[in-house]
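See below for the structure under consideration.
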Amino acid sequence: MSERIAITGLGIISAIGDNVQQNLISLRAKRSGIGQIKYLETIHKGNLPIAEVKHNDEELLKLAGITDDTGYTRTALLGMIAAKEAFDNSGAKKGDGIRTALISATTVGGMGSTEKFYLDYINPEKTGDFVKYIDSHDCGDSAEKIADNLGIKDFITSINTACSSSANALMLGARLIKHGIVDRVVAGGVDALTKFTINGFNTLMILDKEYCKPFDKNRTGLTLGEGSGFVVLESLEAAQKAGKQIYCELTGYANTCDAYHQTASSPEGAGAFLSMSNALALSRLKIEDIDYVNVHGTATQINDLSEGNAMIKFFGNKVPKFSSTKGYTGHTLGAAGGIEAVFSALSIQNNIIFPNLNFKDKMDEFDLVPVTDLIENAGVRNVLSNSFGFGGNNTSLLFSKA
Amino acid sequence: MKAYIRGIGQISPQQTFAGDFLENVVAYNTNMMFCIDPVYKEFINPLQLRRMSRTLRMGVTAAKICLLDSGIEMPDAVITGTGFGCIEDTEKFLLAMLNNNEQQLTPTAFMQSTHNTISGQVAIMLKCKEYNSTYVNRGFSFETALLDSLMLIEEGNAHKVLLGGFDENSVNLHVTTERLGHWKKEKINSLQLLESKTPGTISGEGATFFMLTDKEDENNYALLKGFSTLYKPEDEKEVKLHVSDFLKRNNLSAGDIDLVVYGLNGDVRTDDVYYHLRDNLFNQTAGAYFKHLCGDYYTSSAFALWLSANAIKKQVIPESVRLGKAPSGVLKNILIVNHYRDINYSFMLVSQC
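Those protein sequences? They're chains V and U, same order as listed. Going by my numbering, the first sequence runs without a break in its numbering and finishes at 402. Going by my numbering, the second sequence runs without a break in its numbering and finishes at 353.
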């Protein structure tokens with residue numbers, strides 16, 4: 001049970017790029033992926049900015065290498081693209097005999113296709129090509145398509161704890177390796193933008209009409225995004241022995257629950273404080289070893305207040321450098337933990353800290369100012385990444401230089 | 001990895017929430033099963049109840065019954081599995097959005113549509129700030145929740161875990177998935193599920209919660225001793241090999257199993273694998289089945305675990321679930337074999353404490 005976990009592969013597709021390299025370039029260049037709605041059919045076009053992956057579904061099919069479209073949703077395609085990159089990046093080969101798990105996370109699964117055809121689905125009189133999407137509605141569809149694409153059979157599952165989903169995928173992955181259930185895990189998450197989510201968050205009145213402004217006094221809500229982020233986890237010892245590239249170590253993780261409200265975080269951030277504390281305790285690092293916090297930072301009134309209070313309670317008056325990368329990618333919901341795990345690994349690998357875009361004025365409630373410009377040679381040894389979701393689900397991950 | 005089952009709460013298409021053990025079973029003639037409701041206001045205050053969808057009522061109530069049954073007030077973790085999540089609220093928001101062209105929408109259905117709504121609500125109800133997760137992978141949903149619970153207990157990070165599996169049926173869901181050939185074309189009497197010998201099965205639902213613990217106690221139902229999954233096996237031989245290896249890992253042979261609970265669902269296309277196991281590995285072992293009582297759904301293995309834990313504790317196999325001859329002697333070891341549409345296979349070993 002004392003085994004240490006290495007990250008040996010990264011894969012991502014988001015509004016700021018189709019792969020890890022493109023994402024890193026955009027992050028360094030302060031280039032946001034948020035813009036007006038182009039691909040999604042919705043009445044909110046022109047009124048609400050979102051962070052779309054810059055491809056239509058046809059182009060994604062090509063990027064994913066699919067020639068026979070038997071019912072691939074945008075969700076499945078985004079997941080397949082990112083997971084494949086991570087898998088290849090780790091040096092894994094299809095059928096190489098290593099016991100492998102695929103753990104994916106998503107909040108709405110194939111809803112993007114369901115909402116296009118639902119009125120036809122439920123009308124037995126209607127027939128047509130849409131039938132091929134029926135079986136892709138549930139969350140497990142994308143995970144199984146990703147697994148089949150990579151030839152993964154040993155363990156497959158999907159998680160939905162709302163916006164902390166894919167952070168939990170990494171956590172479960174690390175534990176599966178420690179328990180000896182598998183030796184390698186492709187873990188992450190994916191969500192495609194849908195009318196369902198945009199309208200859902202819109203009814204909650206937590207969408208910003210402008211680009212989201214995490215931790216800013218005048219923030220008015222989040223900007224939704226889409227994408228997928230996956231990492232490959234292996235035993236550190238085995239990865240070192242095999243001479244693999246190691247981006248970083250996953251030294252800490254914790255999952256707690258706010259147990260406060262179905263959708264809102266508690267103002268004092270009780271669950272968030274617990275998840276950060278427990279992740280640190282597991283890592284056996286000291287609190288001052290944390291150099292950078294990739295905050296959840298959705299830019300809703302309540303999240304940033306709650307998370308800020310939790311950070312102050314946790315770090316005292318020595319809150320480390322922190323930023324939310326949601327000004328780049330939007331809030332990608334079930335993919336956020338995976339995407340931000342990739343960013344955390346890139347931060348350690350390149351020794352840089354990413355800026356928090358669109359920040360102007362600090363909040364009245366506390367004296368917290370995020371990093372607003374790229375910091376090179378930042379001395380990043382340990383990165384804490386927070387993901388919090390509906391249902392009060394909080395997960396913190398701690399990544400360390402190997 | 002192992003854990004004791006201390007308490008259970010189940011709401012299903014049969015009377016399973018008040019201590020009954022399938023003495024009187026209900027037949028369905030619509031190929032569609034829905035749960036028998038307990039008096040919800042005995043468990044949930046009316047103000048909350050009014051806002052709750054059917055699945056939320058079922059899930060929260062099953063969790064409460066389980067807590068009461070276990071005598072444990074506060075678990076160290078809440079972990080659930082569900083294939084489809086909260087169907088009613090999802091459909092409600094979706095239909096309102098499509099019918100009103102994305103206008104005049106209200107947030108309640110959206111807020112309660114996510115799959116982790118029940119684990120979140122249970123945590124809020126208990127003020128349980130500990131580990132909380134929800135798995136959503138088809139026929140592996142309840143299975144992963146179970147595995148996670150066992151791992152937490154083995155890690156020493158939890159001594160008592162509230163584990164749940166739930167899925168909700170709906171007419172729209174049934175009609176939609178009917179197009180995929182999931183359900184029988186001809187209407188059957190659910191109690192004659194295995195006699196039809198035609199393609200398709202019948203749809204069902206249920207909410208089942210277990211309290212798992214690492215502590216011995218005279219009130220424990222059974223010991224959950226082993227667990228395994230298998231994804232898209234090539235053929236029946238691979239399944240048989242997997243079962244043999246699984247038993248070996250648990251230091252058992254086929255002869256040590258007193259009862260095999262098969263996930264037979266009456267679909268002539270996918271039931272053969274169970275009969276193959278029975279004929280080749282368990283031809284001397286008593287059998288049971290259960291989907292004629294709860295229908296088929298992603299988390300139906302939770303119903304099988306409820307059945308097995310009760311059978312061990314009560315030392316009774318209800319007549320309504322028997323497949324072939326009744327077993328003789330003490331029920332020590334029960335093996336559950338289940339698959340969802342020949343894709344997600346799971347195996348559970350339930351033993352006397």
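For every residue, glycine included, the Cβ atom is placed at its ideal position computed from N, Cα and C.
query	result
Which bits of chain V does Leu180 of chain U rub up against, with CB to CB less than 9 Å?	Val131, Ile134 and Asp135
Pull up the DSSP beta-bridge partners for Arg184 of chain V, would you.	V:Thr100 and V:Glu234
On the CB-based measure, 16 or more other CB atoms within 10 Å of its CB, does Ile312 of chain V come out buried or exposed?	buried
For chain V, find out if any of its Cβ atoms is closer than 8 Å to the Cβ of Tyr275 of chain U; answer yes or no.	no
Can you name the residues of chain V whose CB is closer than 9 Å to the CB of Tyr83 of chain U?	For the record, residue 83 of chain U in the displayed sequence is Gly; it is not Tyr. Going along chain V in sequence order, the residues near Gly83 of chain U (Cβ under 9 Å) are Asp138, Cys139 and Gly140.
Taking Cβ positions only, does Ile302 of chain V come closer than 8 Å to chain U?	no
Give the straight-line distance between the Cα atoms of Ala378 of chain V and Leu357 of chain V, rounded to the nearest whole angstrom.	18 Å
To be precise: take each residue of the segment 105–127 of chain V, compare its Cβ to all Cβ atoms of chain U, and keep it if any distance is under 9 Å. Which residues remain?	Ala105, Thr106, Thr107, Val108, Gly109, Met111, Thr114, Glu115, Tyr118, Leu119, Tyr121, Ile122, Asn123, Pro124 and Thr127
Which residue from V:Lys401, V:Phe399 and V:Thr395 puts its Cα closest to that of Asn168 of chain V?	V:Thr395
Measuring straight from C-alpha to C-alpha, what distance separates Glu130 of chain U and Thr194 of chain V?	31 Å
Could you list which residues in chain U have their beta carbon closer than 7 Å to that of Thr157 of chain V, in chain order?	Tyr135, Asn137, Phe140 and Thr144
Would you call the segment 312–321 of chain U in contact with the segment 103–114 of chain U, where contact means no fewer than 3 C-beta pairs closer than 8 Å?	no
Roughly how many angstroms lie between the CA atoms of Asp279 of chain U and Asp256 of chain U, to the nearest whole one?	16 Å
Output the residue ranges of the beta strand (DSSP E) runs that lie fully inside the segment 31–65 of chain U and measure 3 residues or longer, sorted by chain position.	none
Please state whether DSSP places Ile109 of chain V in a helix, a strand or coil.	The amino acid at residue 109 of chain V is misidentified as Ile; the sequence shows Gly. Residue state, collapsed to three classes: coil.
What span of residues does the alpha helix (DSSP H) with Ser283 of chain V cover, start to end?	Ala270 to Ser283
Exposed or buried, Ile352 of chain V, counting other C-beta atoms within 10 Å across all chains shown (16 or more means buried)?	buried
Name the chain V residues whose beta carbon is nearer than 7 Å to that of Ala123 of chain U?	Cys257, Ala259 and Gly392
Who are the Cβ neighbours of Asp361 of chain V in its own chain at under 7 Å, not counting the five residues just before and after it?	Asp216, Lys217 and Asn218
For Lys127 of chain U, decide whether its Cβ has a neighbour in chain V, counting only Cβ atoms nearer than 8 Å.	yes
Kindly indicate the opening and closing residues of the beta strand (DSSP E) around Asp167 of chain U.	Lys160 to Asp167
What are the residues that DSSP puts in a beta bridge with Tyr253 of chain V?	V:Leu397
Considering only their Cβ atoms, is the gap separating Ile334 of chain U from Ala311 of chain U smaller than 8 Å?	yes
Find the nearest neighbour of Asp57 of chain V within the set V:Glu41, V:Lys45 and V:Ile50, judged by alpha-carbon distance.	V:Glu41
Which of the residues in the segment 194–220 of chain V, read from start to end, lie with their CB under 9 Å from any CB of chain U?	Lys195, Phe196, Thr197, Ile198, Asn199, Gly200, Phe201, Asn202, Thr203, Leu204 and Met205
Taking all protein chains shown into account, decide if Thr161 of chain V is buried (16 or more other Cβ within 10 angstroms of its Cβ) or exposed.	buried
Going along the chain, which residues of the segment 148–170 of chain U sit with their C-beta nearer than 8 Å to a C-beta in chain V?	Asp148, Met151, Glu154 and Glu155
If the cut is a Cβ gap below 9 Å, which residues of chain V does Val175 of chain U touch?	Tyr121, Ile122, Asn123 and Pro124
Are the beta-carbon atoms belonging to Val161 of chain U and Leu147 of chain U less than 8 Å from one another?	no
Based on the DSSP output, what are the partners of Leu323 of chain U in its beta bridges?	U:Gly287
With DSSP run on the structure shown, which of helix, strand or coil describes Ala358 of chain U?	A question about residue 358 of chain U goes unanswered here, because the residues of chain U that appear run from 1 up to 353.
Give me the Cα-Cα distance between Asn202 of chain V and Lys321 of chain V, rounded to the nearest whole angstrom.	31 Å
With DSSP as the reference, identify every bridge partner of Ala242 of chain V, one or two as the case may be.	Looking at the DSSP assignment, Ala242 of chain V forms no beta bridge with any residue, so it has no partner.
Could you have a look at Gly225 of chain V and say whether DSSP puts it in helix, strand or coil?	strand
Could you tell me whether the Cβ of Ala402 of chain V comes closer than 8 Å to any Cβ of chain U?	no
Rounded to whole angstroms, what is the Cα-Cα separation between Gly110 of chain V and Lys132 of chain V?	12 Å
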